[in-house]
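Reminder that position 86 of the sequence shown reads as 85 in numbering that gives the first Met the number 0, one-by-one numbering, no gaps.
Even for Gly, the Cβ is constructed at its ideal location relative to N, Cα and C.
Report on one structure; see the data block that follows.
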Amino acid sequence: MSGIDQDFDGMDDGGFRDGKDDGFKRRGGKRRPPFMQDANFKFDYKDPQKLKFFITERGKIVPRRITGLSATQQRALTTAIKRARNIALLPYTATK
């Protein structure tokens, strides 16, 4: 009998799962600032102090899976950051 014809029901899965977990690794909590608790909060490109929270030390925009924002909020955030960069309220790259 060749390896292709074997029954895969009783095969070992390579030790990746031990039956104690559900197969997903847990991540840390979402990174949400206190000012986001307001339901009517809007991102304003003229407020770089709040926008800096969503930029890494390298100058990149923090992704949605880390910020915990909805897709609509993330798009508004990205637009506000890009506008603030355009008028030099935020840097494009990291500062030394």
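- Taking the Cα positions, Phe42 is about 21 Å away from Thr92.
- Exclusion of the five residues before and after Gln73 leaves Arg63 as the residues of its chain whose Cβ lies within less than 6 Å of its Cβ.
- Closest in alpha carbon position to Ala38, among Arg57, Leu68, Tyr44, Gln48, is Leu68.
- Counting only residues of its own chain and dropping the five nearest sequence neighbours on each side, Ala83 has a CB closer than 8 Å to the CB of Tyr44, Lys45, Pro47, Leu50, Leu89.
- In the DSSP assignment, the residues bridged to Ile54 are Ile60.
- Annotated three-state conformation of Asn39 is coil, per DSSP.
- Contact annotation: Ile80 and Ile65 have beta-carbon atoms that are not nearer than 7 Å.
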